[in-house]
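Only one structure is covered here, and it is reproduced in the block below.
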Amino acid sequence: RIDRGHLVLPGYLVWAAAVYSIGGTVLIAMVGRRLIPLNFDQERFNADFRFSLVRLRENSEAVALYRGEPREREGFMARFGEIFGNFWKIMKRTKRLNWWSAGYGQAAVIFPVLVSLPAYFAKAIQIGTIMQISSAFGQVQGALSFIVNSYSDLASWHAVVDRLRFFEQAMQRAGTVRATWAKIERQETPNLSLRQLHVRLPGGKELVKNLQLELSPGQRLLVVGPSGSGKSTLLRTLAGIWPFGEGEVDLPSVSQVLFLPQKPYLPLGTLREALLYPLGDPQSPDELLVKVLHQAGLPDLVTQLNEARPWSGVLSLGEQQRLAFARIFLQKPSWIFLDEASASLDEAAESELYKTLIELLPQTVLVSVGHRTSLRAFHNRELSLFGEAQWRVQALA
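In my numbering, the protein residues as written are 41 to 437.
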């Protein structure tokens, strides 16, 4: 109320504590706001550095053959320099933030005393009351100072949340691309049928135009063409991982289909687990696994079935491709798609594997992408891609 020209504000020390805390929070936010982008960059720089280490480990042999160690060292030092420089900025900003935060805390000891002095000089309160006021003020102010006391942690949390938010946005954009471009209708049927299938690059260039094709059990199709004509992209489209196209695709259920890329994937774990990946029966007896290893030309691995090793680094690329064929012999899918899955083998070994595959699975539909003319002997139809979206299907003798 207003009395004789004076404003009487009940509980004014509570309001003083609130104003003090709000002012301190605003000040700390202004001083420390740069910590959020700095922490974000630190997360990014750390991730880039870790990724480059993993990438070097996976390609160490190629780097050694190229004698690329000096260039890799330069790259690592540059990326580590980004980490160090950004961390130094974080330390300087954190030091400034801590200085202001400590000053805010120390001033909170003096502030209630200064606010109480007019009443003390007016003989309205005693010195003991000032101590009580100071204690009560400290409790209220402390409760209202969560942001001030935790700003560094909040800035780090904010940076992590920002990275997750950007990741979610990237996923949403990918979903939008798929929804916008993927106009391929899929149905599960016993046969493979492609009707008016168009396959494009993200920029809109057509690789395959109006493809019409039907395959039934026992048929084997060889896909050939120059590099860049769209052979592997066509297989990605059939697998459902390439959204840039339109048309109708009828395929059997996923459990009956096996796609093999040029570089096989070997999961971490034992050789048994690598052989059974992805749909093999975990209860498969050792006798069966030994048999398929012999059929794939890998007798030396028979004694290592239960050994856990980094098989991607232990086995050569040719041995990895043999192991992928052993998966075929073990899992016996009804539909097999091979994307140059034997390109690292010599022609004799490749021919032997194809002969074994056809003998074991005569009714399995086989679609192979390859460059060697020797593969024509194991297929009865050929799809030629000529580039510029042109194609031709012909029978093979």
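Don't be surprised by glycine CBs; every beta carbon is placed ideally from N, CA and C.
- Minimum Cα-Cα distance from Glu122 among the listed residues Val153, Ala87, Pro152 and Gln360 corresponds to Ala87.
- Cβ atoms of Ala336 and Arg362 come within 8 Å of each other, at about 5 Å.
- One Cα belongs to Leu255, the other to Ser233, and the distance between them is close to 6 Å.
- With contacts defined by Cβ atoms closer than 9 Å, Glu422 and Leu253 do not form a contacting pair.
- His238 has Glu286 as its beta-bridge partners, per DSSP.
- Straight-line spacing of the CA atoms in Asn79 and Ile130 works out to 7 Å.
- In the three-state scheme derived from DSSP, where H, G and I count as helix and E and B as strand, Gly215 is classed as helix.
- Rounded to the nearest whole angstrom, the C-alpha separation of Ala142 and Gly72 is 14 Å.
- Residues Pro373, Ser374 and Trp375 of the same chain have their beta carbon placed closer than 8 Å to that of Gln296, with the five preceding and five following residues left out of the count.
- With a minimum length of 4 residues, the unbroken runs of alpha helix (DSSP H) contained wholly in the segment 76-148 fall at 100-106.
- Of all alpha-carbon atoms in Leu67, Leu184 and Phe206, the one lying nearest the alpha-carbon of Glu83 is that of Phe206.
- Taking each of Asn250, Val294, Gln371 and Ser356 in turn and checking the Cα distance to Gln302, the smallest one comes out for Ser356.
- The C-alpha of Val407 lies about 55 Å from the C-alpha of Leu194.
- Of all alpha-carbon atoms in Gln259, Ser384 and Glu327, the one lying nearest the alpha-carbon of Leu401 is that of Gln259.
- The beta strand (DSSP E) runs lying completely inside the segment 281-325 and spanning 3 residues or more are 285-291 and 297-300, given in chain order.
- Between the C-alpha atoms of His198 and Lys132 there is a straight-line separation of about 19 Å.
- Using a C-beta cut-off of 8 Å, the segment 84-103 makes no contact with the segment 166-176, since fewer than three inter-stretch Cβ pairs fall below that distance.
- Restricting attention to Gly285, Leu291 and Ala314, the CA atom closest to the CA of Phe365 is found in Ala314.
- Residues of the same chain with a CB within less than 7 Å of the CB of Val330, apart from the 5 flanking positions on each side, are Val342 in chain order.
- When only Cα atoms are considered, Phe284 and Pro242 end up about 6 Å apart.
- Residue nearest to Leu154 within the set Glu399, Ile173 and Phe369 is Ile173 (criterion: CA-CA distance).
- For Val188, the enclosing alpha helix (DSSP H) covers residues Phe186 to Asn189.
- Spanning the alpha carbons of Pro230 and Trp282 requires a straight line of approximately 22 Å.
- Note on Leu425: 16 or more other CB atoms within 10 angstroms of its CB, so buried under the neighbour-count rule.
- Residue range Arg421 to Gly427 is occupied by the beta strand (DSSP E) that includes Gly427.
- Look at the beta carbons and you see the segment 59-74 touching the segment 184-193: at least three pairs across the two are nearer than 8 Å.
- Annotated three-state conformation of Gln434 is strand, per DSSP.
- For Ser414, the secondary structure class from DSSP, reduced to helix, strand or coil, is helix.
- The beta carbon of Ala56 lies closer than 6 Å to those of Val155 in the same chain, with the five residues before and after it left out.
- Sixteen is the threshold: since fewer than 16 other Cβ atoms of the shown chains lie within 10 Å of the Cβ of Phe124, the residue is exposed.
- Counting only the Cα atoms, Val248 lies some 8 Å from Leu274.
- For Gln252, the enclosing beta strand (DSSP E) has its first and last residue at Glu246 to Leu255.
- Of all alpha-carbon atoms in Val264, Ala118 and Asp290, the one lying nearest the alpha-carbon of Gln434 is that of Val264.
- Within 10 angstroms of the beta-carbon of Gln430 lie fewer than 16 other beta-carbons, which makes it exposed.
- Comparing alpha carbon positions, the residue from Leu378, Glu327 and Arg95 closest to Lys271 is Leu378.
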